[in-house]
Amino acid sequence: MKQINPELVIGFIGTEYTRAVIEACTSIDIFINESDFLEKEIVLNGQKPECILHAVPVPKISKRSAKLKIPLRIGTNRRIYHWLTCNKLVNLTRKKSNLHEAQLNIKML
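Numbering (the working numbering), first residue to last: 10 to 118.
See below:
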C-alpha cells in the first residue's frame, strides 16, 4: 500500500501483548491500543482515520469504527454485525480457503 501511496499512514489496533511486534514492523506507522480505540477519539498524524480493515473480526472494534464514522469500513460478509457496521463487504471465507492468511487479507483490500 505504501508503494502506491507513500504518504499513507498505517495504524494497527492491538493489545499491549502485541505492541512490541507491531512497533518493530516498518510497514506500520502507529500502534493503537485497543482500549484507547474503544474509549478515545483517534487521531493519526493530526487526522481522523479514513479507513479501517477488519482483518480479524472483533465486534466491539467494528461497532466503534461505525460510531466514529470512519468513512471506509471494510469487513467480511460472513459476520452479521459487519452488515450493520461496515460499508464495504467482501465475500471471503477463511475456513474453506486454500489461500494463506496473508493472501486472504490482501483480498479484503
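Heads up, the beta-carbon is just placed ideally off N, CA and C, and yes, glycines get one too.
Rounded to a whole number of angstroms, what is the C-alpha to C-alpha distance between V52 and L81? Going from the Cα of V52 to the Cα of L81 covers about 16 Å.
What separation, rounded to the nearest whole angstrom, lies between the Cα atoms of L17 and D38? The alpha-carbon of L17 is positioned some 9 Å away from that of D38.
Same chain, Cβ closer than 7 Å to F40, five either side skipped, listed in chain order: Around F40, the same chain offers F21, G23, R28, I31, E32 as residues with beta carbons nearer than 7 Å, after the five sequence neighbours per side are excluded.
Mapping the DSSP letters down to three states, classify V67 as helix, strand or coil. In the structure shown, V67 falls within a coil segment according to DSSP collapsed to helix, strand and coil.
Whole-angstrom C-beta distance between I83 and I61, which should lie under 8 Å: Right, their Cβ atoms sit about 7 Å apart.
Where the alpha helix (DSSP H) containing V99 begins and where it ends: Annotation: V99 is outside any alpha helix (DSSP H); the continuous beta strand (DSSP E) that includes it extends over 97 to 99.
Would you mind working out which of Q112, K76, V67 sits nearest K57, comparing C-alpha positions? Ranking the options by Cα distance to K57, first place goes to K76.
Quick check on the burial criterion: 16 or more other C-beta atoms within 10 angstroms. Buried or exposed for I115? I115 is exposed by the Cβ-count criterion.
So who's on the other strand from I39, going by DSSP bridges? According to DSSP, which records beta bridges pairwise, I39 is partnered with G20.
Please report the distance separating the alpha-carbon of I13 from that of E59. Separation of I13 and E59 (C-alpha to C-alpha, rounded to the nearest whole angstrom) is 16 Å.
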